[in-house]
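These protein sequence lines are chains S and B, in that order.
Just so we're aligned: 42 in the working numbering is position 42 of the first sequence, and the numbers increase by one with no gaps anywhere.
Heads up, the working numbering is the position in the second sequence plus 154, with the first residue counted as 1.
The C-beta atom is built at its ideal place from N, Cα and C for all residues, glycine as well.
Structure record follows, encoded as C-alpha cells.
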Amino acid sequence: MNNVTVRKLDPQRRETWRYYGRLLEQGAQYVLIEADFNRDDAVYHGVPFRRGDPFVEIYYTDRWYNVFEVHDRESGEAKCWYCNVSMPAEWQDGLLSYVDLALDLFVYPDGRQLVLDEDEFEALNPDEQLRQQAYAALEELRQLVRPQYGFHLA
Amino acid sequence: MLEVLDIFKTYEGKPLLKGVSFRIEAGETVCLLGPSGSGKSTLLRIIAGLETAEQGQVRWNGRDLGGVPVHLRGFGLMFQDYALFPHLNAAQNVAFGLRMQNLPGAEIERRVREAMEQVGLAGFMRRRVTDLSGGEQQRVALARALAPRPRLLMLDEPLGALDRRLREQLLDDLHHLLRSARIPAVYVTHDQEEAFTLAHRLVILRGGRIAQQGSPVEVYASPASAWVARFLGLNNQMAGRVVSLAPLMVHTAAGVLRAQAARGFTPRLDQAVTLLARPEGVRFLGADQAGTGEAGALLDATVEDAPFRGGGFRLELRVAQHLFSFPAERPLAADTPLRLALPLESLVAYPEDRDE
Chain S
1 MNNVTVRKLD
11 PQRRETWRYY
21 GRLLEQGAQY
31 VLIEADFNRD
41 DAVYHGVPFR
51 RGDPFVEIYY
61 TDRWYNVFEV
71 HDRESGEAKC
81 WYCNVSMPAE
91 WQDGLLSYVD
101 LALDLFVYPD
111 GRQLVLDEDE
121 FEALNPDEQL
131 RQQAYAALEE
141 LRQLVRPQYG
151 FHLA
Chain B
155 MLEVLDIFKT
165 YEGKPLLKGV
175 SFRIEAGETV
185 CLLGPSGSGK
195 STLLRIIAGL
205 ETAEQGQVRW
215 NGRDLGGVPV
225 HLRGFGLMFQ
235 DYALFPHLNA
245 AQNVAFGLRM
255 QNLPGAEIER
265 RVREAMEQVG
275 LAGFMRRRVT
285 DLSGGEQQRV
295 ALARALAPRP
305 RLLMLDEPLG
315 ALDRRLREQL
325 LDDLHHLLRS
335 ARIPAVYVTH
345 DQEEAFTLAH
355 RLVILRGGRI
365 AQQGSPVEVY
375 ASPASAWVAR
385 FLGLNNQMAG
395 RVVSLAPLMV
405 HTAAGVLRAQ
415 AARGFTPRLD
425 QAVTLLARPE
435 GVRFLGADQA
445 GTGEAGALLD
455 ATVEDAPFRG
465 GGFRLELRVA
475 QHLFSFPAER
485 PLAADTPLRL
495 ALPLESLVAY
505 PEDRDE
C-alpha cells in the first residue's frame, strides 16, 4: 500500500511534482521508500524507463541530496541511479518534502557519471553559500554512488 | 640592443641554464629575478663576458659578442662585493677605470665629477673610502660603474649586504638614477620588492629556465604558475581537485569552492590543482554570515594572529590546515572564527605545482 507522499518543491517552495510510495525503512536521519515509475515509457540518457519500474529512493534529513535507484520491472536489476542535489529533506507524518536544486547526477551500472543541469542550477541565481553546498553535495554523490565498486541501495 | 639567445650552461656536470632567451631595449631596466640556484648570476656573468656559455649567443645591436673580452664590451659592472681600493679616495676610485682607458686628465676629472653628482656624492670627492658609511661606499661603487659611460649597466645583488633601512633608501636612489640616466640595465636579485621597484620588465628564472617575463604589474596580476605566485609573495595557496567545469568548482580541505582558471589554463575534471587566494577584494564576514549573492567563494577561517604592520595589520588565518594571511585595517583577537568572502577573480586555479 502507498503510505508516503513525496513532494518535490522549487526553491520558492512551490510544489512541482507529487507522487506516492511505500515506506521500506526509516532511521534517525534517513527515509527509504519504494515508488513505481508513473509516466509513459521514455529513454533517459540511453537508459529505457518503463511505467511500473520500481524506484528505491533514499532521502536524508541532514544531507543535501537524495538518490533514486531505478530497477527494471521485469528483471529487477538496477539499471541506473538518479541523484538529485537538494536541500535536506523534511519528513513528518508520512509526508516527505524536498527543495530540488536542479543539479543532478546520473550514474550508469558501469560507473560512468553524468552531471546534469548545471545551467539550470545557475539560473536559480545561487549565492556563494548555496553554490558551495550544492557542489559539495554533488562531489559527495560522485564519491558515494560508485556501482562498479558494489554501491547499492537495495 | 642586447639580445640573449638560447643560453645553455652546465656547472660540475649539472645543467644550470637550459635555454634562456630575452632582450633588453634602449633605456630599459630588466631584473633577473629568481631564488638562489636559479642561474641568474651565472647568466649575468655570461652577458658580462666573465664566463662562456656552452650554447647560445649574446648579441649587441645584432653583433655576436662571443670572443669579445669583458673590458671591450662597454658594460659597467657592479657586484655585491664592490671591492673599492682602500688606499684611494672616492674620486680616485671612480677615476680608476677611466685611467685604464687612457683618457686625458681633464676629461677624467669631468666624468668623475659628473658620476659623483649622479649618485649624490658631489661633496665626497676627497674622502677616504674607509671613512665612508656602507651606503656611501655603495654609491662610490655605482659612480665607478657609471663614469666610463657604459652602454649597459650590470648589477648583481648590489644591495644584498646592506641593512634594511639603507637598502630602501638606496633602492629609491637607484630607481631615480636608472630612470634619469636612461642607461639600459640588467639587475640581478632574489628580492621581489627590489625587482618591482626597479624593473621595467622582470625575467623570472626557475631552475635555469624562464618561468615568466613581463612588467611587474602584469606578472603580479597574472602569475604564469602557482610557483611564480608564491615566489612573488602570493602564498595563500591550497591543494584541490576539480569537481566541476562549468562553473569551475574545486574540492579542497576548506570545502568545494568556486574558482577561476588561471590565464591559459584549461582544467580537466578530477585534475589536481593549486588554488591561489589573492588578497584583492577579500572581505571578512562574521562566522555564519551568508555571502552577498555575487559569484565567489566563502571560506571558514580562524584567526591565529594579527601582527601590526604599520598602516595596517596582517591577519594570519587558519583555513582548514592551511595558514593564510591577508592585509586588514583592523586586528582581530586570536581564535576569532570568521568567514572569508573572495570575489570570483581572487580564487585562481593553477595546474598543481609543488616546490621541488
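Rounded to the nearest angstrom, the gap between the Cα atoms of S:G21 and S:V47 is 22 Å. Listed as beta-bridge partners of B:T206 by DSSP are no residues whatsoever.
Listed in chain order, the positions of the stretch 406 to 426 of chain B with a beta carbon within less than 7 Å of a beta carbon of chain S are G409, V410, L411 and R412. The beta-bridge partner set that DSSP reports for B:M403 consists of B:S398 and B:R412. Looking at S:A89, S:A78 and S:R131, the one whose alpha-carbon comes closest to that of S:G111 is S:A78. Boundaries of the alpha helix (DSSP H) harbouring B:A245: A244 to M254, taken from the DSSP string. At the C-beta level, S:A89 and S:Y60 come within 8 Å of one another.
DSSP lists B:I358 as the bridge partner or partners of B:Q366.
For B:F350, the three-state secondary structure derived from DSSP is helix. For S:Q92, the enclosing beta strand (DSSP E) has its first and last residue at E90 to Q92. Between the alpha carbons of B:R360 and B:P505 lies a distance of about 17 Å. Close CB contacts of S:L95 within its chain, under the 6 Å cut and outside five residues either way in sequence, are with T5 (chain order). Comparing alpha carbon positions, the residue from B:L429, B:L320, B:R472 and B:V212 closest to B:Q292 is B:L320. Contact between B:T343 and B:A380 is ruled out by a C-beta separation of about 22 Å, above the 8 Å threshold.
Assignment of B:D507 by DSSP, reduced to helix, strand and coil, places it in the coil class.
Taking 8 Å as the CB threshold, B:P401 lines the interface with chain S.
Exposed is the label assigned to B:R280, since fewer than 16 other Cβ atoms lie within 10 Å of its Cβ.
For B:H225, no beta strand (DSSP E) encloses it, and the DSSP letter there is neither H nor E. Boundaries of the beta strand (DSSP E) around B:M308: L306 to D310. For B:A380, no chain S residue has a C-beta closer than 8 Å to its own C-beta; the minimum C-beta separation is roughly 22 Å.
Excluding the 5 residues flanking it on each side, B:Q234 has same chain C-beta neighbours closer than 7 Å at D310, E311, P312, G314 and A315, in chain order. The beta carbon of S:R18 sits closer than 8 Å to the beta carbons of T5, V6, R7 and K8 from its chain, once the five residues preceding and following it are set aside; these are given in chain order. With a 10 Å radius around the Cβ and a threshold of 16 neighbouring Cβ atoms, B:Q272 comes out buried. Taking every protein chain shown into account, the CB of B:R508 has fewer than 16 other CB atoms within 10 angstroms, so this residue is exposed. No Cβ-Cβ contact shorter than 8 Å links B:A393 with B:A378. Rounded to whole angstroms, the Cβ separation of S:V31 and S:W81 is 17 Å, and the two are not in contact under 8 Å. With 16 or more other Cβ atoms from the protein chains shown falling within 10 Å of its own Cβ, S:D100 counts as buried.
Our two residues, B:A349 and B:A295, have alpha carbons roughly 20 Å apart in a direct line. Scanning the stretch 1 to 54 of chain S for uninterrupted alpha helix (DSSP H) segments of 4 residues or longer gives nothing; none is fully contained.
For B:A455, there is no enclosing alpha helix (DSSP H); the enclosing beta strand (DSSP E) has its first and last residue at G450 to D459. For B:R333, the closest C-alpha among the options B:T183, B:L219, B:E166 and B:K163 is that of B:T183. Around B:P189, the same chain offers H344, R360 and F385 as residues with beta carbons nearer than 8 Å, after the five sequence neighbours per side are excluded. In this structure, DSSP gives B:W381 a helical state, which the three-state scheme calls helix. Using a Cβ-Cβ cut-off of 8 Å, S:L116 is close to nothing in chain B; its nearest Cβ partner there is about 12 Å away. Taking 8 Å as the threshold, the shortest C-beta distance from S:L138 to chain B falls below it. Inter-residue distance for B:L325 and B:R318 is about 10 Å (C-alpha atoms, whole angstroms).
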